[in-house]
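Under my numbering, residues 1 to 372 are what the sequence shown spells out, in order. Quick reminder that beta carbons are idealized off the backbone N, C-alpha and C, glycines included. Predicted model only: the values in this text are computed from it and were never measured.
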Amino acid sequence: MYSFLLRVFLLVSVLVPSTAWSTEQSLSPNDSAVSGSDPVPPTVLKVATREVPPFAYRNAQGEWQGIAIELWQRVADELGLQSRYTAVSLEEMLRGIGSGDYDAAVGALSVTPERETVFDFTHPFYRTGLGIAVPIDDGGGWWALLRGLVSPRFLGVVAALLGLLAIVGALAWLLERRRNAQFPREPLRGIGAGLWWSSVTMTTVGYGDKAPITFGGRILGLVWMFASVILISTITASLTTSLTLDALSDKVSTEDDLAHVRTGSVANSTSARRLQRKGVAFRAFDDLGAAMQALADGELDAVVYDRPLLRYRVRTEFPERLQVLGITFEPQDYAIGLPSGSALREPINRHLLTHNRGAEWEALVTRHLGDE
């Protein structure tokens with residue numbers, strides 16, 4: 001009897017610890033069947049960004065700031081996250097966030113259908129579109145007049161007039177050269193004399209230093225005098241129209257005007273693709289700064305790019321020389337890029353909805369962009 005009880009006691013003492021150990025293992029948080037939740041994001045995030053003032057740029061101390069950076073920092077602080085920023089190109093940003101090399105992409109990142117297939121976006125935090133920067137209207141003046149005088153349209157009218165005068169002068173020389181000493185037989189001098197005669201006859205100045213004496217020459221002179229009455233008014237109207245059109249050609253007020261002026265944009269950008277679709281010839285630049293400098297230097301008549309970025313450049317670098325028109329087209333949204341399936345998306349979205357509106361948000365935007 002005692003031996004039987006001893007065997008039972010020994011058996012229980014072995015089975016109970018074993019069962020407890022098994023239960024502990026089954027409740028371990030490492031068991032995916034029990035946890036069933038997404039992995040917790042790292043507390044230090046690798047954030048890709050790039051220089052796109054006023055949304056992301058470095059200050060004098062080398063620290064990142066801007067509308068997007070400061071908004072992101074507020075959200076990250078509330079989520080208990082830290083950020084390690086890495087400056088990259090746009091192509092590197094898109095590739096890195098798509099492959100998961102970065103935890104977030106922060107800047108002036110436009111939401112597009114093509115990008116959405118590669119990675120995820122948060123809720124948009126800024127709605128904008130493309131804009132047009134132009135020189136500040138100087139009201140005309142001597143520079144506008146001189147620019148019109150050397151325009152292709154004006155020079156074309158002048159060239160046509162000189163050609164007609166030369167033809168009439170050459171005919172006069174052919175008719176007068178044998179009998180009229182006022183039209184020398186040497187072709188260069190004789191045609192020059194004929195050009196002078198046709199010019200003073202057309203303008204009704206009539207110096208009298210040269211006059212045809214042959215029958216054919218006088219018939220030509222008579223026809224030319226009557227024709228000049230009509231031609232002088234026609235040419236005057238053409239020259240006036242040419243100068244007027246050239247004075248107005250660099251006035252841009254709508255997107256449709258871009259086809260008639262010297263336009264610039266940034267290569268491989270949303271604005272560049274828009275201009276290509278519209279059939280607008282434009283000069284492509286590597287960055288916005290170079291395009292704006294060319295506009296300020298008179299090499300361009302308009303620059304097309306994201307409107308808030310144009311506003312910032314004009315406000316900080318060219319306030320007295322350039323302006324941004326009050327029109328917006330090709331609407332687009334800026335958002336934060338995240339790897340597909342990121343566990344951060346929903347928490348960030350909830351906090352974004354509280355931070356990208358209200359007085360504090362308006363103050364942030366105004367501080368960087370100024371008043372509209």
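In the three-state reduction of the DSSP assignment, Ser99 falls in the helix class. In this structure, the beta-carbon distance from Gly217 to Thr201 does not fall below 8 Å.
Shortest Cα-Cα distance from Thr234 to any of Val157, Val304, Tyr305 and Asp301 involves Val157.
Residue environment analysis places Glu176 among the buried positions, since at least 16 neighbouring C-beta atoms fall within 10 angstroms of its C-beta. The residue among Arg277, Thr328, Ala56 and Arg283 with its C-alpha nearest the C-alpha of Thr263 is Arg283.
Between Gly163 and Ile191, the C-beta spacing is not below 8 Å. Arg315 is the residue among Glu346, Arg315 and Thr117 whose C-alpha sits nearest the C-alpha of Ile136. Proximity of the segment 323-340 to the segment 275-290 falls short of the contact definition, fewer than three beta-carbon pairs being nearer than 8 Å.
Taking the CA atoms as reference points, Pro124 sits about 26 Å from Gly289. Selection Ala48, Glu330, Asn356 and His351 evaluated against Glu78 yields His351 as nearest (Cα-Cα). Taking the C-beta atoms as reference points, Val47 is found nearer than 8 Å to Val106.
In the structure shown, the three-state DSSP call for Gly169 is helix. Shown here for Val280: same chain residues with a beta carbon closer than 8 Å to its own, the five before and five after excluded, namely Leu258, Ala259 and Thr263 in chain order. A distance below 7 Å between beta-carbons, with the five flanking residues on each side excluded, links Thr43 to the following residues of its chain, in chain order: Gly80, Leu81 and Gln82. Rounded to the nearest angstrom, the gap between the Cα atoms of Trp196 and Arg185 is 15 Å.
Between Val303 and Ala133, the C-beta spacing is below 8 Å. Under the 8 Å Cβ criterion, the segment 112-119 counts as touching the segment 85-98, having at least three qualifying pairs.
One Cα belongs to Ser269, the other to Thr240, and the distance between them is close to 40 Å. In this structure Ile67 touches Leu364 by the C-beta definition: roughly 6 Å separates them, less than 8 Å. For Thr263, the uninterrupted beta strand (DSSP E) segment begins and ends at Thr263 to Val266. Between the C-alpha atoms of Gly298 and Asp103 there is a straight-line separation of about 43 Å. Rounded to the nearest whole angstrom, the C-alpha separation of Asp333 and Lys251 is 29 Å. Taken atom to atom, the span from the alpha-carbon of Arg58 to that of Ala76 is near 19 Å.
In the DSSP annotation of this structure, the continuous segment of the alpha helix (DSSP H) that includes Ala291 starts and ends at Leu288 to Ala296.
Cβ-Cβ separation between Leu155 and Phe329: approximately 34 Å, too far for a contact (criterion under 8 Å).
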